[in-house]
Amino acid sequence: MPARHTHRDARHESVTALTQAEETEMARQLELKGRTYWILSEPHQGGWKACVTEVRGEDQESIGIEATAETRGAADDAAERKLRRLLRAY
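Residue numbering for the sequence shown follows my numbering, beginning at 7 and increasing consecutively.
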């Protein structure tokens, strides 16, 4: 799958999974600064909500970044921008 961003240290993939409620949940995988993050999106109050999770081997941990928007892409992009700002601060 082609990378969405041109950053040398970033890799990104999209994945679709079916939840128990048979709703589609979407995920975007990012590789930033040697770490793996998932942006998980789901329908939310007529729009979409995206949350960022860091993946370490078999473990996953929410890092407290959330974003909402009318479309899945807009919510994912907003969450990714917040993550990139957070990583630049460190």
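Glycine included, each C-beta is placed from N, C-alpha and C at the ideal position.
- If you check the CB distance, R41 and E60 come in under 9 Å.
- Taking the Cα positions, L36 is about 26 Å away from Q51.
- Counting only unbroken stretches of 3 or more residues, the beta strand (DSSP E) elements lying wholly within the stretch 34–74 are 41–50, 53–62, in sequence order.
- Membership of E86 in the alpha helix (DSSP H) is indicated by the continuous run 78–95.
- A residue is called buried when at least 16 other Cβ atoms come within 10 angstroms of its Cβ; Y96 does not meet this threshold and is exposed.
- Only buried fits L89, as 16 or more other CB atoms lie within 10 angstroms of its CB.
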